[in-house]
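Visitor:
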Amino acid sequence: MRARSTLFLIFACLASWGVLLAQKPFHDYMPELVANGQTEAAMEWRTGQLRVPSDWNVPHEWTRARLKYTSAGILHPQAHTGWMGWATDYPDGDRNFQIGLKRLTTMDTTSVEHVSELDGSDDVYNFPFLYAVEPGHWNLFEDEADQLREYLDRGGFLMTDDFHGTVEWANFLKGLQKVFGNRPIVDIDNTDPIFHVIYDLGKRVQIPGKQFLQSGVPYEFDGFEPKWRAIYDTQGRIVVAICHNMDLSDAIEHANDPEYPEEWANMAYRIATNYVVYDLTH
């Protein structure tokens, strides 16, 4: 009897250890970005502006996972060996959003992001909300697409943002079709709850990145018209929210920049907040 109890205790400990191992610890990718020559991030990191917050390891109820993927380097002016499109606006865009979400809602959020990969581990399943930046440059492998499909079928939610024009759309679609085949991608109707769950977003505008301050135009490439699109599951729930021809991540990253228009930063926070709350309530 004692041997049986001891054996049960060993299995219980192993199971608990497996759960702990399933979620990877927080990792700061800034040194890797510096090594790969992403100069804007490198300069800020070296001056200490982007150091990890002191409370990075304090447990909280919610954090946003950022998808780390392999870049195809389509049309990007910085496309070169080692360029990491997934890390665009990282980590300020993530950390500013976590702060804003805590202020705008009653959610208990962490001060740092979590970077997750479709690497066959269970890590991504710990996070209900997965955020992909510049997916117009992603290069999803078949096994990654299979895991992303499983993640979404289990109830996960993917938000994509900051990709522009027909060429980037075509590459994004190439990856998404590996996940869902030809499942319809539709424009989100103005009456959909995702636009009204917290803020009423009946009137939305194209949100440009900081490049607008130099170019004076709110679009990139031939991405003239902003698109709020989605893929729905069989129950009518949005599982992939697609922000095309806009740059919410950049607006949130530069929300503290006095030169960046406040109304665009505010709208970016509102849209992203609605998407998070929708994911948690639908």
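Position in the sequence shown (from 1) plus 6 gives the number in this note's numbering. Every residue, glycine too, gets a C-beta built ideally from N, C-alpha and C.
#1: Looking at the secondary structure, which residues open and close the alpha helix (DSSP H) in which V203 lies?
#2: Please look up how many angstroms separate the CB atoms of D129 and Q29, rounded, as I've assumed it's under 8 Å.
#3: Using only CA atoms, which one of Y131, G208, F186 and V185 lies nearest to W234?
#4: Would you grab the beta carbon distance between Y281 and M165 for me? Rounded to a whole angstrom, and I think it's under 8 Å.
#5: For E358 versus G171, is the C-beta distance shorter than 9 Å?
#6: Could you check whether the segment 105-121 touches the segment 57-73, counting it as contact only if at least three pairs of C-beta atoms, one from each stretch, sit closer than 8 Å?
#7: Taking DSSP as the reference, what is the three-state secondary structure of T279?
#8: Which value, in whole angstroms, describes the spacing of the CA atoms of G187 and E265?
#9: Pull up the distance between the alpha-carbon of T111 and that of D206, whole angstroms please.
#10: Let's test the definition: count the other Cβ atoms within 10 Å of the Cβ of T94 and tell me whether it reaches 16, buried, or not, exposed.
#11: Indicate whether the contact test is met: 3 or more Cβ pairs, each with one atom in the segment 153-162 and one in the segment 177-195, closer than 8 Å.
#12: Which word fits E231, buried or exposed, when buried means at least 16 other C-beta atoms lie within 10 angstroms of its C-beta?
#13: If you run the structure through DSSP and keep just helix, strand and coil, what is V246?
#14: Which stretch, first to last residue, makes up the alpha helix (DSSP H) that contains V173?
#15: Going by DSSP, which residues form a beta bridge with P274?
#16: Rounded to the nearest angstrom, what separates T279 and T69 at their Cα positions?
#17: What residues match up with W68 in a beta bridge as DSSP calls it?
#18: Just the Cα atoms here: how many angstroms apart are H202 and F218?
#19: Does the beta-carbon of R52 have 16 or more other beta-carbons within 10 angstroms, so that it is buried, or is it exposed?
#20: Identify whether T166 lies in helix, strand or coil by the three-state DSSP scheme.
#21: Could you give the residue range of the beta strand (DSSP E) that holds A236?
#22: Of the choices G242, A261 and N272, whose alpha-carbon is the least far from that of H288?
#23: Hey, how far is the Cα of Q84 from the Cα of V173?
#24: Just how far apart, CA to CA, sit R101 and L286?
#25: Quick one: Cα of F32 to Cα of D98, how far?
#26: Please check the pair V223 and M273, which I expect to be a contact at CB under 8 Å, by giving their CB distance rounded to whole angstroms.
#27: Which of helix, strand or coil does DSSP assign to E123?
Guide: The answer reads as follows:
#1: One-based indexing of the sequence shown puts residue 203 at position 197. Where V203 is concerned, there is no enclosing alpha helix (DSSP H), given that its DSSP letter is neither H nor E.
#2: By one-based count along the sequence shown, residue 129 stands at place 123. By one-based count along the sequence shown, residue 29 stands at place 23. The Cβ separation is near 6 Å, so the contact holds.
#3: Position 228 of the sequence shown, counted from the first residue, corresponds to residue 234. The shortest Cα separation from W234 among Y131, G208, F186 and V185 belongs to G208.
#4: In the sequence shown, counting from the first residue as 1, residue 281 sits at position 275. In the sequence shown, counting from the first residue as 1, residue 165 sits at position 159. For Y281 against M165, the beta-carbon gap comes to about 5 Å, under 8 Å, which counts as contact.
#5: Outside the modelled stretch of the chain, which goes from 7 to 288, sits residue 358, for which no answer is possible.
#6: With a cut-off of 8 Å, the segment 57-73 and the segment 105-121 count as touching, because enough Cβ pairs lie within range.
#7: For the purposes of this step, residue 279 is taken as the residue at position 273 of the sequence shown. Here T279 sits in helix by DSSP.
#8: One-based indexing of the sequence shown puts residue 187 at position 181. One-based indexing of the sequence shown puts residue 265 at position 259. Distance between the alpha carbons of G187 and E265: 42 Å.
#9: As a working note, residue 111 is residue 105 in the sequence shown. As a working note, residue 206 is residue 200 in the sequence shown. Distance between the alpha carbons of T111 and D206: 15 Å.
#10: If you number the sequence shown from 1, residue 94 lands on position 88. Burial state of T94 is buried, judged by a 10 Å Cβ sphere holding 16 or more other Cβ atoms.
#11: yes
#12: As a working mapping, residue 231 is identified with position 225 in the sequence shown. It is exposed - the Cβ of E231 has fewer than 16 other Cβ atoms within 10 Å.
#13: Your numbering for residue 246 matches position 240 in the sequence shown. Three-state DSSP puts V246 in a strand.
#14: Within the sequence shown, the letter at position 167 stands for residue 173. For V173, the enclosing alpha helix (DSSP H) starts and ends at G171 to F186.
#15: Looking up residue 274 in the sequence shown gives position 268. Checking the sequence shown, residue 274 turns out to be Ala, not Pro. The partner list for A274 (beta bridge, DSSP) is empty, contrary to what the question assumes.
#16: Residue numbering aside, residue 279 sits at position 273 when the sequence shown is read from its first letter. Residue numbering aside, residue 69 sits at position 63 when the sequence shown is read from its first letter. If you take the alpha carbons of T279 and T69, they lie about 13 Å apart.
#17: Mapped onto the sequence shown, residue 68 falls at position 62. T115, per the DSSP bridge assignment.
#18: One-based indexing of the sequence shown puts residue 202 at position 196. One-based indexing of the sequence shown puts residue 218 at position 212. Going from the Cα of H202 to the Cα of F218 covers about 28 Å.
#19: Within the sequence shown, residue 52 is the residue found at index 46, counting from 1. Note that R52 has pLDDT 48, beneath the 50 cutoff, so the model's placement of it is unreliable and the number below is only indicative. Exposed, because fewer than 16 other Cβ atoms sit within 10 Å of the Cβ of R52.
#20: Here residue 166 refers to the residue found at position 160 when the sequence shown is read from its first residue. Three-state result, T166: strand.
#21: For this step, residue 236 is matched to residue 230 along the sequence shown. Its beta strand (DSSP E) spans residues K233 to Y238.
#22: Locating residue 288 in the sequence shown gives position 282, counting from the first residue. Nearest of G242, A261 and N272 to H288, Cα basis: G242.
#23: Counted from its first residue, the sequence shown places residue 84 at position 78. Counted from its first residue, the sequence shown places residue 173 at position 167. Low confidence applies to Q84: its pLDDT is 49, below 50, so where it sits in the model is not reliable enough to give any reading.
#24: What you label residue 101 is simply residue 95 of the sequence shown in a count that begins at 1. What you label residue 286 is simply residue 280 of the sequence shown in a count that begins at 1. Cα to Cα, R101 sits roughly 20 Å from L286.
#25: Numbered from 1 along the sequence shown, position 26 holds the residue referred to as residue 32. Numbered from 1 along the sequence shown, position 92 holds the residue referred to as residue 98. When rounded, the distance between both Cα atoms is 16 Å.
#26: Taking the first residue of the sequence shown as 1, we reach residue 223 at position 217. Taking the first residue of the sequence shown as 1, we reach residue 273 at position 267. Their Cβ separation, rounded to whole angstroms, is 18 Å, which puts V223 and M273 out of contact at 8 Å.
#27: The residue you call residue 123 lines up with position 117 of the sequence shown. E123 falls in the strand class under three-state DSSP.
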